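Student: Below is a structure I'd like to ask you about.
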Amino acid sequence: MRTDTGHVFKLEDYRPSDYLILQTSLVFRLSPEATRVIATLTIERREGVAASAPLVLDGDGLTLLGIAIDGRDLQPQDYAATPDELAVLKPPAASRFELVLETEIAPARNEALMGLYRSSNVYCTQCEAEGFRRITYFLDRPDILSIYTVRIEAPHNEAPLLLSNGNPVDSGALADGWHYAVWHDPFPKPSYLFALVAGALGKVADSFTTLSGRTVELGIYVEPGKERLAGYAMDALKRSMKWDEEAFGREYDLDVFNIVAVSDFNMGAMENKGLNIFNDKYVLADEETATDADFANIEAIIAHEYFHNWTGNRITCRDWFQLCLKEGLTVYRDHEFSADQRSRAVKRIAEVRTLRAHQFPEDQGPLAHPVRPRRYREINNFYTATVYEKGSEVVRMIRTILGAEAFRAGMDLYFERHDGEAATIEDFLKVFEDASGRDLSQFALWYHQAGTPNLTVSSSHNARAKEFTLEIEQSVPPTPSESRKRLMHIPLGFGLVGAGGKPVSYDDVEGATVDNGVIHIRKRRHVVRFTGVAERPAVSLNRGFSAPVTLSVEQKTDDQFFLAGHDSDSFSRWQAFNTLLTDALIAAFRQVLGGKPPAFAQRLTELAGRIAADETLEPAYRALALSLPGEADIARDIGKGIDPDAILAAREALALAIARANRENFTGLYERLADKGPFSPDAASAGRRALRNILLDYLALLPEGAALAATHFRSASNMTDRAAALTVLAHRHAGSAEAQQALADFEAKYRNDALVMDKWFQIQAGVPGSKTVETVRALTGHPAFSMANPNRVRSLIGTFSSANQTGFHRADGEGYRFFAETVLEVEKRNPQVAARLATALRSWRSLEPGRQAKAREALLAIAAAQNLSADLRDIVERTLA
Ligand code: 0A1
Ligand code: ZN
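Counting along the sequence shown from 1, when you hit position 782 you're at 1277 in our numbering, and nothing is skipped either side.
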């Protein structure tokens, strides 16, 4: 484990390295406890660098067994090797030489799951961000692009399958039952994209013919016996390949594309060139074991990793500060793909919900950082919602500002100009400036400045002058180490909405640039005057969620109701209803604490009924509209002094009011929506299930609700319905006979299916209330649970700490104590997963004082532990700062 050195990496310290590695040839002799790695590196001194400059390579926990240059072993005085660094003190005078290194590693003992490790007896690798240095000494930085040839040797019976990046070039038998395979990747790549897989795996094969007529052999490798669960992933892969050709003109470039699913993986998946490695959760699916949400995630992540082939691999990052260059852009691309494959309107609402749930709290708390950070202590902690999701929103805004055509021209220029390079955000912005002739310098602040901008908006209408005025003021709240903020360029989508939802036309506008339904906010304050507007319109703001900002709008409740029923922009229509729900929930929260009930509660419950039954709306849209803002969403809108118990009570009260007011309507709809015919994971069928299951969630609050949910559970013919019913039973009827029975049945049926058991852990970890901490503690002893497996840890501990407000934030602090203990236990094996878990306390300062003090104690307890990893120390110290 790398312990903390306290070193801070700074963007302004970037320097090109003195040496390049033109060719990398690797030989692996695989063995669980002692794998030999022989690296032959063709090194070139960069022009202008003195021949005396030492060659310093990165390592992480390595043992050097041999070192030679141009065929001659080095003498001890010629180099200095520690586990973390290798310095060749007097490199040869020639500008090009060959360095041979031999190291030994123990994949079976690698529990951090970085570098070469074992997952269920399969050898696999994870090298992003800095895992390659756990395999051999190297210039392990993304601007060192090298051409790799990899030879893998292993016993045939243990590892019949030997895979690496690129194309297969040779294979054959060796003595003593061993065999070998050689792979060559013609595309120069950074070390973080290296991959190796060896083991016994089942294969699903297919092929894809590219636009220019080349045939690509596709393979998805899974645990033997699970091949039939990879069909959906294969279909998603082929659709992704086609979409990238159509939407971005990007073709695949090797003869083979392989995906391997492993059961121990720190993240979702990894885009290694030609050999993607996936968390099996994002590959394996059928109706019996996966929910509709799982199918959608598989489709999105398969696409995401595939799209990296151009945005990330062909054009990579100059340094890790530029992570958003590949991640923000690739998320944008996978969002667009899913929008095209499914419903664009529904997808956009889901994206915004995710952004608000994960990125907004990050941006508003102690871990806030710019989309392109300038500092880091541990790069693993920057695979964040800000870099990924906000990074994607920034790309979306570029498209909004430039328009579809200029955006595409900019992307084409990006691929043309930077193919084969390690690029920066400045390079990225420049292509759009060059392609469009626009100046994006103020816009660039979106990459450089942290924090969620807020727009305060008020409106007025002067009937006599036929003038409608919007006063818009921007502010960006201070974030750690950035107390003063600069003014941003915010593209604010808007619409003036008149009777029946019709757009209201105007003669002229002054006070800001307005084009294509977008107001360009650039100054602190704009007074935007629309002339020739006879009737007062309702104003729909941030249409399509054109900018990732918060809005403080003075708006009449009548206008909100009107927009919730009539806005022609489906996102804003959803938003209007969601804002009404939030307002009602906040009022109900204040009522729990002794305030007054909201005046419009009855109108709201009626509107919920109308939306549920509105056949002109897609079922998936209706389901999203009916799903109440979560407890954490409500907490975020309240801001300070959070008491999660009061929020839960408020939320339950509103849900009950909606259920009571719509009992017959919901029951009828629920019955009509029952699945007929065979299962299909398509978006429309999934939408119908989503609507039916949210109706169940409401109906379960009424008398006989537990019986209804139990019937739903028993008669479910797919995992979506089964898991939904189990959630309703466990969360709404915790401890009831029906809930106990369903949990036991589920466990009995799926006890040998780890991925399905994750749902069982997750559902129980999410049960609201004070008892859950004990349940979760007990479940850590369940035979299906393991502290060594990231999926298990995330399902049980991650769900409890980041998705169970009342359970985790138990008033006596027991949730936090359990959490601190567990984080430290996970850290012993896997610092990266522990650090990610620890971010669950990032919003501790918004809690009421009692909980706040207890949360702080837990953070201090983690910080006080001996030999903390760089990963965990970084998170804990920033959280406490
Ligand atoms: N580049 C991957 C994310 C990733 C990052 C680190 C990993 O290992 C610890 C694994 C995956 C992606 O964006 O999908
Ligand atoms: Zn990615």
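Note that CB positions come from ideal geometry on N, CA and C, so glycine has one too. Remember, it's a predicted structure, so these values are computed and weren't measured experimentally.
So Asp730 packs on Leu713, CB below 8 Å; how close in whole Å?
Tutor: 11 Å between Cβ atoms; not a contact.
Student: Could you check which residue in Leu862, Leu521, Asp1170 and Arg1146 has the C-alpha nearest to that of Ile647?
Tutor: The option with the nearest alpha carbon to Ile647 is Leu521.
Student: Excluding five sequence neighbours on each side, which residues of the same chain lie with their C-beta closer than 6 Å to the C-beta of Asn605?
Tutor: So the list reads Tyr612, once near-sequence residues are dropped.
Student: Please state the DSSP three-state secondary structure of Met892.
Tutor: Met892 falls in the helix class under three-state DSSP.
Student: Does any heavy atom of the ligand ZN sit closer than 8 Å to the C-beta of Gly807?
Tutor: At least one heavy atom of the ligand ZN is nearer than 8 Å to the Cβ of Gly807, so yes.
Student: The beta strand (DSSP E) with Pro650 in it runs from where to where?
Tutor: Residues Ser641 to Pro650.
Student: For Pro1344, count neighbouring C-beta atoms within 10 Å of its own C-beta (all shown protein chains included) and say buried if the count is 16 or more, exposed if not.
Tutor: Exposed.
Student: So what does Glu597 bridge to, in DSSP terms?
Tutor: Its beta-bridge partners are Ile533 and Gly561.
Student: If we count the other Cβ atoms within 10 Å of its Cβ and call it buried at 16 or more, is Val1029 buried or exposed?
Tutor: Before going further, note that residue 1029 is Ala rather than Val in the sequence given. Result: exposed.
Student: Using only the alpha-carbon positions, how far apart do Ile874 and Asp1010 sit?
Tutor: Cα to Cα, Ile874 sits roughly 40 Å from Asp1010.
Student: Please work out which residues of its chain come closer than 6 Å, Cβ to Cβ, to Phe1025, disregarding the five sequence neighbours upstream and downstream, and give them in chain order.
Tutor: Answer for Phe1025: Phe963, Tyr1001 and Val1004, listed in chain order.
Student: Does Pro681 come out as helix, strand or coil in the three-state DSSP assignment?
Tutor: Note: Pro681 maps to strand in three-state DSSP.
Student: Specify the secondary structure class of Cys622 as computed by DSSP and reduced to three states.
Tutor: Cys622 falls in the coil class under three-state DSSP.
Student: For the ligand SAM, is there a heavy atom less than 8 Å away from the beta-carbon of Tyr883?
Tutor: This structure lacks the ligand SAM; its bound ligands are the ligand 0A1 and the ligand ZN.
Student: Please state whether DSSP places Leu965 in a helix, a strand or coil.
Tutor: The answer is strand: DSSP assigns Leu965 an E or B state.
Student: Which residue comes first and which comes last in the alpha helix (DSSP H) that contains Asp1053?
Tutor: Per DSSP, Asp1053 belongs to the alpha helix (DSSP H) from Thr1052 to His1061.
Student: Going by the DSSP bridge assignment, what does His1226 pair with across the sheet?
Tutor: For His1226, which the question treats as bridged, DSSP gives no partner whatsoever.
Student: Rounded to the nearest angstrom, how far is the Cβ of Gly915 from that of Arg813, given a contact under 8 Å?
Tutor: Not really, about 13 Å apart at Cβ, beyond 8 Å.
Student: Over the uninterrupted alpha helix (DSSP H) stretch that includes Asp835, give me the two end residues.
Tutor: Run containing Asp835: Leu818 to Gln836, per the alpha helix (DSSP H) assignment.
Student: State the DSSP-derived secondary structure class of Pro948, mapped to helix, strand or coil.
Tutor: Note: Pro948 maps to coil in three-state DSSP.
Student: Going by DSSP, which residues form a beta bridge with Lys505?
Tutor: Partner(s): Arg870.
Student: Measure the alpha-carbon distance for Ile1014 versus Ala1007 and round it to whole angstroms.
Tutor: Whole-angstrom Cα-Cα distance: 7 Å.
Student: With a floor of 3 residues, list each beta strand (DSSP E) that falls wholly inside the stretch 1249–1281, ordered by position along the chain.
Tutor: Runs of the beta strand (DSSP E) inside the stretch 1249–1281: none found.
Student: Could you tell me whether any non-hydrogen atom of the ligand ZN is closer than 8 Å to the CB of Glu1316?
Tutor: Incorrect: Glu1316 has no Cβ contact closer than 8 Å to the ligand ZN.
Student: Spatial neighbours of Thr710 within its chain, please: CB distance less than 7 Å, with the 5 preceding and 5 following residues excluded, ordered by chain position.
Tutor: Result list for Thr710: Ser702 and Thr704, in chain order.
Student: With a threshold of 8 Å (Cβ to nearest heavy atom), would Thr849 be considered close to the ligand ZN?
Tutor: Outside the cutoff, so no.
Student: For Pro719, which three-state DSSP category applies?
Tutor: Reduced to three states, the DSSP call for Pro719 is coil.
Student: Under 8 Å from any heavy atom of the ligand ZN, does the C-beta of Val889 make it?
Tutor: False, no ligand heavy atom lies under 8 Å from that Cβ.
Student: Within the present structure, is the beta-carbon of Phe760 separated from the nearest heavy atom of the ligand 0A1 by less than 8 Å?
Tutor: Answer for Phe760: yes, Cβ within range of the ligand 0A1.
Student: With H, G and I counted as helix, E and B as strand and the rest as coil, what does DSSP make of Val1288?
Tutor: Here Val1288 sits in helix by DSSP.
Student: If distances are taken between C-alpha atoms only, which option among Ile538, Ile772 and Gln1097 comes closest to Tyr687?
Tutor: When only C-alpha atoms are compared, the closest one is Ile772.
Student: Along the chain, which unbroken stretches of the beta strand (DSSP E) at least 3 residues long are found entirely within the stretch 690–763?
Tutor: DSSP runs (the beta strand (DSSP E)) wholly in the stretch 690–763: 691–694, 697–704, 710–717 and 751–757.
Student: Excluding the five sequence neighbours on either side, which residues of its own chain have a C-beta within less than 6 Å of the C-beta of Ala1218, listed in chain order?
Tutor: The residues are Thr786 and Lys1254.
Student: Inspect the CB distances between the stretch 1032–1044 and the stretch 974–992 and report whether three or more fall short of 8 Å.
Tutor: Counting Cβ pairs under 8 Å, three or more are found: they touch.
Student: Based on Cα-Cα distance, which residue from Val1318, Ala1333 and Gly1308 lies nearest to Leu1342?
Tutor: For Leu1342, the nearest C-alpha among the options comes from Gly1308.
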